[in-house]
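Visitor: In this note's numbering, the protein residues as written are 74 to 382. The beta-carbon is built from N, C-alpha and C at its ideal position, and this holds for glycine as well. Just so we're clear, the structure is a prediction, and the values are computed from it rather than from any experiment. Sending over a structure as structure tokens; questions will come in a sec.
Printed below as a string of structure tokens:
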């Protein structure tokens with residue numbers, strides 16, 4: 074998709090999201106909140122997968138850190154939301170800086186495995202550190218500011234945060250830094266030869282991806298009024314990766330489509346069977362074998378064939 078068509082899609086999507094609270098359905102409003110959060114999470118991972126060419130299987134760790142930190146700062150320290158949320162995002166970014174400094178030294182499968190190991194380490198800490206995280210039971214009972222107590226107000230807050238985050242990632246993808254990321258993805262050796270500090274740029278991308286994942290985690294913890302260990306488990310990271318692949322990694326709007334479709338499928342299928350992981354595995358097989366460029370690639374092929382006719 075061209076930049077113009079992607080911007081048109083984003084503008085149309087924003088208008089639709091503006092209309093959702095006026096449709097009179099609380100279920101639809103809350104479902105859309107979750108879709109927006111998971112779309113933001115998928116977009117954050119695409120900074121690594123789509124732009125830099127690094128596949129992380131530990132991205133859920135930063136989602137969880139952002140969520141748990143927000144819950145802790147709001148409930149235990151009783152900080153204002155305007156301080157608690159930025160502090161949680163900053164904390165996740167600091168962890169990303171430390172872990173990323175190790176991960177970006179490795180390539181391909183080793184990078185993926187180290188990020189997975191970090192995610193499982195975070196999950197283990199969450200399970201065992203009961204005084205802080207609540208252990209298996211999770212961190213429950215977050216006290217939100219009064220202005221976020223109603224579903225509609227929280228919807229507008231989520232829409233604002235997700236829209237601003239999406240706009241920032243769009244600007245990043247079209248900036249000089251974004252072009253450098255793509256150059257590294259296409260040919261790391263050539264980028265290094267041209268004077269690009271590849272490891273430094275990969276680390277910057279890693280931290281930025283973690284930052285936006287933490288924003289998504291912060292929103293999710295406030296929506297759920299708590300945060301739970303499953304948020305850091307490897308299956309959550311796999312869910313994010315599949316969302317990005319399903320939508321299309323080389324398109325900005327691809328992860329939004331992938332995350333939205335995958336989550337809506339999950340909600341629908343859970344009403345009929347408990348074997349959602351089996352269905353998700355089948356979706357991954359179909360994407361790899363039939364849709365290597367994701368839904369965006371499929372739409373592009375259909376559009377090209379229609380124009381030829």
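Which residue comes first and which comes last in the alpha helix (DSSP H) that contains residue 312?
Guide: Taking the first residue of the chain shown as 1, we reach residue 312 at position 239. Start and end: 307-320.
Visitor: Would DSSP call residue 212 helix, strand or coil?
Guide: Taking the chain shown and counting its residues from 1, one reaches residue 212 at position 139. Residue state, collapsed to three classes: strand.
Visitor: Do three or more CB pairs link the stretch 276-295 to the stretch 159-166 at distances below 8 Å?
Guide: yes
Visitor: Fully enclosed by the stretch 251-284, which alpha helix (DSSP H) runs are 4 residues long or longer?
Guide: 261-266
Visitor: When DSSP labels each residue in this structure, what does residue 197 get in the three-state scheme?
Guide: Stepping through the chain shown from its first residue, residue 197 is reached at position 124. Three-state result, residue 197: helix.
Visitor: With a CB to CB cut of under 8 Å and the five nearest residues on each side skipped, what residues in its chain are close to residue 150?
Guide: In the chain shown, counting from the first residue as 1, residue 150 sits at position 77. Closer than 8 Å at Cβ, skipping near neighbours: 157.
Visitor: Quick one: give me the first and last residue of the alpha helix (DSSP H) that residue 328 is part of.
Guide: Sequence index remark: in the chain shown, residue 328 carries index 255 (1-based). 327-342 is the extent of the alpha helix (DSSP H) around residue 328.
Visitor: Check residue 299 in the structure and name its three-state DSSP category.
Guide: Position 226 of the chain shown, counted from the start, is the residue given in the question as residue 299. Correct three-state label for residue 299: strand.
Visitor: Suppose you measure from the CA of residue 177 to the CA of residue 278; what does that come to, to the nearest Å?
Guide: Counted from its first residue, the chain shown places residue 177 at position 104. Counted from its first residue, the chain shown places residue 278 at position 205. Cα to Cα, residue 177 sits roughly 10 Å from residue 278.
Visitor: Which whole-angstrom value is the C-beta distance of residue 116 and residue 239, which I expect to be below 8 Å?
Guide: Along the chain shown, one-based indexing puts residue 116 at 43. Along the chain shown, one-based indexing puts residue 239 at 166. Indeed, because the Cβ distance is near 6 Å, the residues count as touching under 8 Å.
Visitor: Rounded to whole angstroms, what is the Cα-Cα separation between residue 377 and residue 361?
Guide: Position 304 of the chain shown, counting from 1, holds the residue named residue 377. Position 288 of the chain shown, counting from 1, holds the residue named residue 361. Straight through space, the alpha carbons of residue 361 and residue 377 are spaced by roughly 22 Å.
Visitor: Excluding sequence positions up to five away, which residues of its chain have a Cβ less than 6 Å from the Cβ of residue 119?
Guide: Position 46 of the chain shown, counting from 1, holds the residue named residue 119. These residues qualify, in order along the chain: 317 and 328.
Visitor: Pick helix, strand or coil for residue 128, following the three-state DSSP scheme.
Guide: Taking the first residue of the chain shown as position 1, residue 128 is located at position 55. In the three-state scheme derived from DSSP, where H, G and I count as helix and E and B as strand, residue 128 is classed as coil.
Visitor: Under 8 Å between the Cβ atoms of residue 214 and residue 298?
Guide: Residue mapping note: residue 214 aligns to position 141 of the chain shown, counting from 1. Residue mapping note: residue 298 aligns to position 225 of the chain shown, counting from 1. Cβ atoms of residue 214 and residue 298: closer than 8 Å.
Visitor: For the putative contact between residue 102 and residue 228, defined by C-beta atoms under 8 Å, what is the C-beta separation to the nearest angstrom?
Guide: Counting from 1 along the chain shown, the entry for residue 102 is found at position 29. Counting from 1 along the chain shown, the entry for residue 228 is found at position 155. That pair is a contact at about 5 Å.
Visitor: Considering only the alpha carbon of each residue, which of 314, 332, 337 and 210 lies closest to residue 126?
Guide: Residue numbering aside, residue 126 sits at position 53 when the chain shown is read from its first letter. The residue with the shortest Cα to Cα distance from residue 126 is 314.
Visitor: Pop quiz: residue 276 and residue 173 are said to be a contact at Cβ under 8 Å. What is the actual Cβ separation, rounded to whole angstroms?
Guide: Taking the first residue of the chain shown as position 1, residue 276 is located at position 203. Taking the first residue of the chain shown as position 1, residue 173 is located at position 100. Residue 276 to residue 173, Cβ: 5 Å. Contact.
Visitor: Pull up the CB-CB distance for residue 385 and residue 248, whole angstroms please, since I reckon it's below 8 Å.
Guide: What the structure shows of the chain is the stretch from 74 to 382, and residue 385 is not part of that stretch, so it cannot be assessed.
Visitor: Would residue 307 pass as a contact of residue 130 if the rule is Cβ separation under 8 Å?
Guide: If you number the chain shown from 1, residue 307 lands on position 234. If you number the chain shown from 1, residue 130 lands on position 57. Cβ distance < 8 Å, so residue 307 and residue 130 count as in contact.
Visitor: Reducing DSSP to helix, strand and coil, say where residue 202 ends up.
Guide: Position 129 of the chain shown holds residue 202. If DSSP states are grouped into helix, strand and coil, residue 202 belongs with coil.
Visitor: Tell me the residue span of the alpha helix (DSSP H) that contains residue 366.
Guide: If you number the chain shown from 1, residue 366 lands on position 293. Where residue 366 is concerned, there is no enclosing alpha helix (DSSP H), given that its DSSP letter is neither H nor E.
Visitor: First and last residue of the alpha helix (DSSP H) that includes residue 244?
Guide: The count along the chain shown starts at 1 and reaches residue 244 at position 171. Run containing residue 244: 224-247, per the alpha helix (DSSP H) assignment.
Visitor: Can we say the stretch 132-147 touches the stretch 336-355, given the rule of at least three CB pairs closer than 8 Å?
Guide: As far as the Cβ criterion goes, the stretch 132-147 does not touch the stretch 336-355, which means the pair count is below three.
Visitor: Just the C-alpha distance for residue 367 and residue 146, rounded to the nearest angstrom, thanks.
Guide: Reading the chain shown from its first residue, position 294 is the one you call residue 367. Reading the chain shown from its first residue, position 73 is the one you call residue 146. When rounded, the distance between both Cα atoms is 39 Å.
Visitor: Given residue 230, which residues of its chain have a CB within under 7 Å of its CB, disregarding the five upstream and five downstream residues?
Guide: The count along the chain shown starts at 1 and reaches residue 230 at position 157. Hits under 7 Å: 221.
Visitor: From residue 322 to residue 286, what does the alpha carbon distance come to, in whole angstroms?
Guide: Residue numbering aside, residue 322 sits at position 249 when the chain shown is read from its first letter. Residue numbering aside, residue 286 sits at position 213 when the chain shown is read from its first letter. For residue 322 and residue 286, the distance between alpha carbons rounds to 17 Å.
Visitor: How about residue 200 and residue 302: do their beta carbons lie closer than 8 Å?
Guide: Taking the chain shown and counting its residues from 1, the one referred to as residue 200 is at position 127. Taking the chain shown and counting its residues from 1, the one referred to as residue 302 is at position 229. Yes; because the gap between Cβ atoms is below 8 Å, this pair is in contact.
Visitor: Taking only three categories from DSSP, how would you classify residue 80?
Guide: Taking the chain shown and counting its residues from 1, the one referred to as residue 80 is at position 7. Note: residue 80 maps to helix in three-state DSSP.
Visitor: Quick check: the Cα distance between residue 212 and residue 305, rounded to an integer number of angstroms?
Guide: Taking the chain shown and counting its residues from 1, one reaches residue 212 at position 139. Taking the chain shown and counting its residues from 1, one reaches residue 305 at position 232. Straight-line Cα distance between these residues: approximately 13 Å.
Visitor: Check whether the Cβ atoms of residue 342 and residue 349 lie closer than 8 Å to each other.
Guide: For the purposes of this step, residue 342 is taken as the residue at position 269 of the chain shown. For the purposes of this step, residue 349 is taken as the residue at position 276 of the chain shown. Yes.
Visitor: What do you get for residue 99, buried or exposed, if any count of 16 or more other CB atoms within 10 angstroms of its CB means buried?
Guide: Taking the chain shown and counting its residues from 1, one reaches residue 99 at position 26. By the 10 Å Cβ count, residue 99 comes out exposed.
Visitor: Can you tell me which of the three DSSP states residue 374 falls into?
Guide: In the chain shown, counting from the first residue as 1, residue 374 sits at position 301. Correct three-state label for residue 374: helix.
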